[in-house]
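Written below as structure tokens is the structure these notes are about.
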Amino acid sequence: MSYTILRKKQVAPNEFDIWIKAPQIATHAKAGQFVIIMSDEESERIPLTIADSDGKEAIRIIYQVVGTSTQKLSRLNEGDAISNCAGPLGKPSEIPTGEKTLVIGGGVGIAAILTIIKTLKEQSNHVTTILGSRDSEHIILEDEIRQISDELLIYTDDGSAGTKGLVTDAMKSLFEGGREFDAAWAVGPTVMMKYCSLVAKEQDLLIWTSLNPIMIDGTGMCGGCRVKVNNTIQYACVDGPEFDGRAVDWDILMNRQKQYLQEEQESEHICRLGLSHQSQNGQEESS
Amino acid sequence: MSLQDKKRERIPTHERDTQKRKEDFFEVNLGYEESEAISEAQRCLQCTNPLCVKGCPVSIDIPGFIKKITEKDYTGSGEILRQYNYLPAICGRVCPQETQCEGACIMNKMKGFQPISIGKLERYVADRNRSEQGSIPVENHVNPTRQKIAIVGSGPAGLTAAAYLAERGYDVTIYEALHLPGGVLVYGIPEFRLPKEIVRQEIDDIQKLGVQIKTDFIIGRTMTIEELMKTYAAIFIGIGAGTPRMMGIEGSELIGIYSSSEFLTRINLMKSYNFPRFDTPVRVGQNVIVVGGGNVAMDSARSALRMGQTIGHSEHITYHPNHVKVVYRRTESEIPARIEEYHHAVQEGIEFHWLMNPVAYIGENGKLKAVKVQQMKLGEPDESGRRRPVPVEGQFEIFEADTVIEAIGQTPNKLLLESFPQLKLTRWGTIQVDDQLMTSVEGIFAGGDIVTGAATVIEAMGAGKQAAKSMIAYLTGK
């Protein structure tokens, strides 16, 4: 099986948008699911959300270069093949019909909400979308998402695009304006998902968050991705990755994401020196 | 050779020096030299009604392959093995022979005799043939002319079923979820016990029979069972035991606590002992506690030991193996681990603490610092016949530890089962099968750990073979 990179484009500093030939995954992928990728045989298995699928031949992945594995991936260009791509993994998003929904994407997590919004629209939901990032350069997919959302709010930390502020500010302004929603999604950095969940909890609003713990096999075999939800242990790879953010123990997740910080730095240092293939353990590479 | 000659002790195999082997992941047991293999083979009584064969889950003609060794006919010996077992170099290394063929050997019952070293002889023949030729005779390679069969899972059960069916003309495709085939043989059993190159070569041999292996292919996600049923005349599910069982005690989320599945997968499949040449790290501290008493616990403990620190540079390098304790809630006489592996662990300096069970993990800044263990005692026998461990009220100990590896068993992986709820399950969550290994869905068979719960490589192979025979009977209407 050859997982060829069919298209590649840089969408933000250190963020790439690629289409990978993977017909079997493309025909089976649903919103909210992810793949496990290895750029070469020495790579880690890194989980990346499926940003889109053409339903026939190829899937779309948008990733941020944050460590050795994603650096290696970024060295591959159109026509090159990645060594392994397995999926679609995880449970698909639970998509309602005819509801009022709020979808929040932060940073590279914006990539993960694209298919969620598409599927929500297919099921006749009303979609209000909030995009957030540190600055205008890191707002990705703005045009595509504007086209399919009923309403779009953009917030940046520095105010260089949209309103200056955090996505939680955007949520609060909607709620203060009397807006009501039946369900919400938030995908982005863990800390963002945590605070979005706190705001949603105050509103008694169901909020799906896509968890990204360190993972190896992605099929429920290793237990490394265990998270605490509603005080019970769940495996993000097979029980998730989407969980009601109001029930997630965020501090445990954030602690466990730091497990390999030291090794990541060691490996990334070697990688940047260009000493052949070196790497890190995938965290927050995407959402 | 007189009977008196056969009485002499079994010939031991060579093992690497204990101090050296603690520093790396190279194989511990080095096997026999030719002259030793022949001498050991000559001890076999060549029973006309051999008990060893009855002790073997795949009924290998053991006296037959051993006799060929005495004749130096290694090709002939290998052919006999192949008739029963497609993975002889693997089985020779990891089978619990002491409770199977060697345990049944008549010499156990004869005063002054020792059982034949059957496993080591099997390994000798397999290794020798592998280095001299492709080990499956070309005449066994047949063009598939019969129906298409899908095998889910490329572990010992799936590989055996696939090989058996391919040799009989079926068009077999194996679907494997991970990026490498072999299942537990590649992600579970460590390199120092089963070199991955040997696994790769034995799988290559099976592929030469015409078996196709599709990796990165998760049945239930990448393709559903329903879709498989449209293309294939029969399906075999051999997906293994799957999901780790964990203690679930206070503090389980702390950094430093692994399931044995995660720990061994990082080391064996992802080769983190070669980090940073390979990209996946594994964090092992200097004080490691392994929970459990089975082979997986031994593998975890011995792997953790080998992940020690190299300190100093140039000629002043010293290697500091990690300090590893195994805590087990019963006693030495109840451990399910193979005796050979337990002995290796003791030799290598692993400490064993019997009648102890962790009750809480104690952390600091999110990281594991210590384990609180409770003293246990043995009570009445449970359903397994072993005496049940019961806690001794109020007796606890604190062990300092920065790493814990829980090796307390597995439960069935739900991924495939949830995606295909038509399959009837037992009350343990394993797949229910009839005596032909057919599931509740016609044409779908299952075997190995997903049916029996965690067991051995050879039992899974036995199930793979039995299922293959049943599938042929089903497909030919016999």
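Residue numbers (the numbering used here), protein chains in the order written: chain C, 24 to 310; chain Z, 22 to 499. Even glycine gets a Cβ: it sits at the ideal position worked out from N, Cα and C.
Is residue i buried or exposed, if buried means 16 or more other CB atoms sit within 10 Å of its CB?
| i | result |
| --- | --- |
| Z/LEU326 | buried |
| Z/THR497 | exposed |
| Z/ASP148 | buried |
| Z/ASP7 | No answer is possible for residue 7 of chain Z: the residues shown for chain Z start at 22 and end at 499. |
| Z/ALA178 | buried |
| Z/ASN295 | exposed |
| C/ARG169 | exposed |
| C/LYS95 | buried |
| Z/PHE417 | exposed |
| Z/SER56 | exposed |
| C/GLN285 | exposed |
| C/GLN303 | Unreliable positioning characterises C/GLN303 in this predicted model, as indicated by a pLDDT of 34, which lies under 50. A coordinate reading is not provided. |
| Z/HIS365 | buried |
| C/PRO264 | buried |
| Z/ILE288 | buried |
| Z/LEU500 | Nothing can be reported for residue 500 of chain Z: it is not among the residues displayed for chain Z, which extend from 22 to 499. |
| Z/ASP456 | exposed |
Helix, strand or coil for residue i? Go by DSSP, reduced to three states.
| i | result |
| --- | --- |
| Z/MET128 | helix |
| C/CYS108 | strand |
| Z/MET397 | strand |
| Z/THR352 | coil |
| Z/LYS445 | coil |
| C/ARG279 | helix |
| C/ARG30 | strand |
| Z/MET377 | strand |
| C/SER76 | strand |
| Z/SER281 | helix |
| Z/HIS35 | strand |
| Z/PRO84 | helix |
| C/SER172 | coil |
| Z/THR460 | coil |
| Z/LEU206 | helix |
So, using beta-carbon positions, are residue i and residue j closer together than 8 Å?
| i | j | result |
| --- | --- | --- |
| Z/ARG407 | Z/GLU401 | no |
| Z/ILE371 | Z/ARG323 | yes |
| Z/VAL425 | Z/GLY277 | yes |
| C/PRO111 | C/ALA206 | no |
| C/CYS260 | C/MET238 | yes |
| Z/VAL74 | Z/ILE87 | no |
| C/ILE105 | C/ILE28 | yes |
| Z/THR69 | Z/LEU51 | no |
| Z/SER280 | C/GLY246 | yes |
| Z/SER175 | Z/ILE234 | yes |
| Z/GLU212 | Z/PHE46 | yes |
| Z/GLY113 | Z/ARG144 | yes |
| Z/MET476 | Z/GLY315 | First, the residue type needs correcting, since residue 476 of chain Z is Ala and not Met in the sequence shown. The answer is no: Cβ separation not under 8 Å. |
| Z/PRO412 | Z/ILE270 | no |
| Z/TYR340 | Z/TRP375 | no |
| Z/GLY259 | Z/ALA391 | no |
| C/VAL190 | C/ILE140 | no |
| Z/GLY384 | Z/LEU275 | yes |
Below 8 Å on C-beta distance, what does residue i contact in chain Z?
| i | result |
| --- | --- |
| C/LEU112 | ILE239 and ARG242 |
| C/ILE73 | None at all; the shortest Cβ gap to chain Z is about 12 Å. |
Could you work out which residues of chain C lie near residue i, taking near to mean beta carbons separated by less than 9 Å?
| i | result |
| --- | --- |
| Z/SER440 | Simply none; closest approach about 10 Å. |
| Z/ARG304 | GLN282, TYR283, GLN285 and GLU286 |
| Z/THR286 | ILE239, ASP240, MET244, CYS245 and GLY247 |
| Z/GLY263 | THR242, GLY243 and MET244 |
| Z/MET267 | GLY246, ARG249 and ILE256 |
Which one of the options has the shortest CA to CA distance from residue i?
| i | options | result |
| --- | --- | --- |
| Z/LYS490 | Z/THR96, Z/GLN40, Z/GLU57 and Z/TYR185 | Z/TYR185 |
| Z/GLY469 | Z/GLU463, Z/GLY483 and Z/THR460 | Z/GLY483 |
| C/GLN226 | C/TRP273, C/PHE198, C/GLY132 and C/THR242 | C/PHE198 |
| C/GLY188 | C/HIS161, C/ILE43, C/THR179 and C/GLY130 | C/THR179 |
| C/SER196 | C/VAL214, C/SER183 and C/ILE177 | C/ILE177 |
Identify the contact partners of residue i in chain Z, using a Cβ-Cβ distance below 7 Å as the criterion.
| i | result |
| --- | --- |
| C/SER92 | ASP300 |
| C/CYS108 | ASP237 |
Chain C partners of residue i, CB-CB under 7 Å?
| i | result |
| --- | --- |
| Z/SER282 | MET244, CYS245 and GLY246 |
| Z/LYS435 | GLY243 and VAL261 |
| Z/GLY469 | Those within 7 Å of Z/GLY469 in chain C number zero; the least Cβ separation is about 15 Å. |
| Z/LEU199 | ASP240 |
Using a Cβ-Cβ distance cut-off of 8 Å, determine whether residue i contacts chain B.
| i | result |
| --- | --- |
| Z/LEU249 | No chain B appears in the structure shown, which is made up of the protein chains C and Z. |
Just to make sure I have the definition right: I need the residues of chain C whose C-beta is within less than 8 Å of the C-beta of residue i. Which are they?
| i | result |
| --- | --- |
| Z/PHE296 | GLU286 and SER290 |
| Z/MET291 | GLU67, ARG68 and ILE239 |
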